[in-house]
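Numbering (the working numbering), first residue to last: 804 to 1261.
Built from N, CA and C at the ideal position, the CB exists for glycine as well.
Every value quoted in this text rests on a predicted model; they were computed, and no experiment measured them.
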Amino acid sequence: MSSTSLPLPYYNDDKKSFAYPTIHKRWPTIIEQGIDDVQQTIKDNKTEQLSTSGETIVDKLKQLLHDFKNDTTVRHFNEQEIHHNKWLHHYNTTLDSLNQVKKVTWQTGPWLYLECYLYQYINNFFISNQDSFWHSYDIFARLKTKTFHQSELGVLELCKRYQFLNQELEQGKAEKETLRLLFVEFIDISLWGNATDLSLLAGNVTLEDIKSVQGAEVRKKNEEKIIVNDLPTAWSETGLDKEEGVSRIDIVLDNSGFELFADLILSLFLLDSGLAQQVHLHCKEIPWFVSDTMAKDFTDLVGQLKDEHFFPNIHKQDADAIDLVSSKIESYHKSNKIIINHHPFWTLDYNFWSIPQFTDLYHDLSQSQLIIFKGDLNYRKLTGDLQWPKTTPFKTAIQQLATSGLPILSLRTCKADVVVGLPEGVNEKLIREYEEAGNDVGEFWSSSGKWAVISFNK
Ligand code: F6P
Ligand code: MG
804 MSSTSLPLPY YNDDKKSFAY PTIHKRWPTI IEQGIDDVQQ TIKDNKTEQL
854 STSGETIVDK LKQLLHDFKN DTTVRHFNEQ EIHHNKWLHH YNTTLDSLNQ
904 VKKVTWQTGP WLYLECYLYQ YINNFFISNQ DSFWHSYDIF ARLKTKTFHQ
954 SELGVLELCK RYQFLNQELE QGKAEKETLR LLFVEFIDIS LWGNATDLSL
1004 LAGNVTLEDI KSVQGAEVRK KNEEKIIVND LPTAWSETGL DKEEGVSRID
1054 IVLDNSGFEL FADLILSLFL LDSGLAQQVH LHCKEIPWFV SDTMAKDFTD
1104 LVGQLKDEHF FPNIHKQDAD AIDLVSSKIE SYHKSNKIII NHHPFWTLDY
1154 NFWSIPQFTD LYHDLSQSQL IIFKGDLNYR KLTGDLQWPK TTPFKTAIQQ
1204 LATSGLPILS LRTCKADVVV GLPEGVNEKL IREYEEAGND VGEFWSSSGK
1254 WAVISFNK
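Below you can see the structure in the form of C-alpha cells.
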C-alpha cells in the first residue's frame, strides 16, 4: 500500500467479511420485524386512516425486502425524497462515485455505505407518508423498550454502585489517584455497555448473552479481552489528571437502553467528581441501526427509571438507588451540565474524517477536551471501515481526523471486521483461538462482541 492509496472497504459479497452474515441474516430479519411492528401499530389504533397510511409503509418495506433478495441495483434518492430530507443528497454524491468503480447492488456493494443507506431508505417511508402520525414514528421503539426492561439486574447493580460512590464523593474530596481508578471503572462500564446492540438480536446473540455482560463480575473477567488500551494516555494527555479536571467532555452515543444508561452513569460520575464541568451527549436524528439513541430515547429512559412499574422485580429498599440516579440525571440536565445534542451528520454515510468539513459540528466539537465515540459503528466510521492491516496505527486509520485537533477516544466492543492498532501476531493468535473454540471462520473473532478496544488520539 503506498502512502496515498487507501485499502478497499468491506463488501457485502465477501464471505470472509462479517458483512456477509449481517446482510443475509440480519437485514431481512430487521425488515421483517419492521413490517410486524407497523402492522401491530395499525391493529392497536383501529382507525381507517391509519390503516390505509400504514399499509403503504408495509408495502414499501415488502418491496425493499424483495429488492434486497433479488439483489437489485441501489438507486439514487429522488427529488421528492430529498425534499423531505435535504441531507440525502450526500448519499447520492457517494453513490455516483461508487458506481464509477462498480454498479452498486444490495448484495454486492460496500457494507458501511449500504447499511447507512438502508436506514435512511426505511426512514423515508415514514417521513414522506401522507399521514403525519408516522413522521416521527420509531419503528424500533418497541424493541428498545422491551430490551431495556430486561436489563433490570444490570440497571440495579449500577444504580447501587453509583449510590455508594455518590455518598463517598459527597463526604469529601477524593484524591486524584482514587478518581483515576474510578474513571477507569466507569469507562469500563460504559465500554461493556456497548455489548448491548439490538441489531445483534436479529442474529444469533440471545438476550441471555447480553444480560451476561452487564454485571461487574463479568466485566472483571473481561479485562484481558481489551486488546488495545490507550486509556492511560487519554487520562494524562487531556488534562483529566490535573487538579481542576476539564471543562467539557463529549460522548457520541451509540445504543439506547442499557448502553445509554451506562453512559449516563459515566456522565454522573464525571460531573460529581469534578473531572468535567459539562457533558455533551450526541444523539441520532432518525431510527438508526435498530438501537441507536435518539433524543427522545433519553427522555424515555429517564421516564422509565422514574416509573415504579417499569422494573417489576425491584424491591422497595432498592428503589432509592434508582430514584437517586434519575433525579441526578434530571437535575444535571436542567442545569445544563448534561446537554443533549443531535446533528444530521451522524446519520450520513460519511466516515468521520470529514467532520472538519461540517463546520458547525466541527466548531462545536472543538470546544471539547475529550470526545468519546461509543460503539462499533462509530469505530467503523472513524477508520473508514476499510480493510486496514490489523497492525495499522489508529492515528493512520483515522486519517485527517488525527490532525484535526479533536481529542478522540473510541470505546468499542468489536462487532465488525475492521480493527487497528494491534501488536504483531495478536490477530493471528485470535483467529486460531476462535477456530479452536469451534467457529468456522476464525477471522470472525473481531465481529463476535467478545473483545474490545480503547483507542485514543489527541
Ligand atoms: O448489524 C451488525 C452491525 O452493523 C455491526 O457490525 C455494527 O457495526 C453494529 O451492527 C452496530 O453496533 P454498535 O451498536 O456497537 O454500533
Ligand atoms: Mg448501535
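Under a three-way DSSP split, which group does residue i fall into?
i	result
I838	helix
K1177	strand
S954	coil
N1058	strand
C1217	coil
Q974	helix
Q910	coil
P1035	helix
G1006	Residue placement at G1006 cannot be trusted, given a pLDDT of 47 that sits under 50; the coordinates are not used to answer.
H938	coil
D1243	coil
Q1081	strand
K818	coil
I930	helix
N969	helix
S1070	helix
L1212	strand
L1189	strand
I1257	strand
I992	helix
V1093	coil
V1049	strand
I1201	coil
K905	coil
Please report how far the alpha carbon of residue i lies from the alpha carbon of residue j, in whole angstroms.
i	j	result
N848	I930	19 Å
N1154	K1184	4 Å
L1069	K1087	20 Å
N927	Q836	17 Å
F986	V841	42 Å
Q933	L864	16 Å
D816	G912	8 Å
W1091	Y1182	15 Å
N1242	S856	45 Å
K1253	E1026	11 Å
T832	P824	12 Å
E1046	K979	7 Å
I1089	A1122	33 Å
V1049	I992	21 Å
L811	L898	16 Å
R1215	Y920	22 Å
D1110	N1116	13 Å
V1055	L1212	10 Å
I1201	L915	16 Å
G850	S935	Checking the displayed sequence, the identity of residue 850 turns out to be Thr instead of Gly. When rounded, the distance between both Cα atoms is 14 Å.
N1260	Y922	30 Å
I1029	T859	46 Å
F1247	W909	22 Å
L1204	P1159	8 Å
L984	L1034	11 Å
G1042	H887	43 Å
S838	V861	Just to set this straight, residue 838 is Ile in the shown sequence, not Ser. Spanning the two alpha carbons is a distance of roughly 6 Å.
V907	E973	57 Å
Y1267	L994	Nothing about residue 1267 can be reported from this structure: the residues present for the chain run from 804 to 1261 only.
A998	L1063	12 Å
W1038	G1077	14 Å
V958	T896	43 Å
F871	H879	15 Å
Could you tell me whether any Cβ in chain B is nearer than 8 Å to the Cβ of residue i?
i	result
I1211	Of the protein chains in this structure there is only one, and it is not chain B.
Excluding the 5 residues preceding and the 5 following residue i in the sequence, name in chain order all residues of the same chain whose CB lies nearer than 6 Å to its CB.
i	result
A1098	C1086, I1143 and H1145
K1218	D1179, S1250 and G1252
D1053	H1083, S1171 and I1174
N1032	I1257
W937	F929
Q852	none
Excluding sequence positions up to five away, which residues of its chain have a Cβ less than 8 Å from the Cβ of residue i?
i	result
L1001	Model confidence at L1001 stands at a pLDDT of 46, short of 50, so the residue's coordinates are unreliable; what they give is reported in the following sentence. Excluding sequence neighbours, L1001 sits near F943, L946, K947, T950, N1058, G1060, V1093 and S1094.
T1195	V1223 and G1224
R1235	G1245
F1161	H1146 and F1148
Q843	R945
Beta-carbon within less than 7 Å of residue i's beta-carbon, same chain only, minus the 5 sequence neighbours each way: which residues are those?
i	result
I885	L891 and H892
I834	L864, L867 and L868
List, from N- to C-terminal side, the alpha helix (DSSP H) runs of 4 residues or more that fit wholly inside the region 1098-1175. 1098-1109, 1119-1137 and 1162-1168
With a cut-off of 8 Å, do at least 3 Cβ pairs link the region 1197-1217 to the region 1169-1176? yes
Closer than 8 Å is the cut-off here; do at least three beta carbon pairs connect the region 1125-1135 with the region 962-972? yes
Sequence ranges, beta strand (DSSP E) only - wholly within the region 820-902, length at least 3: none
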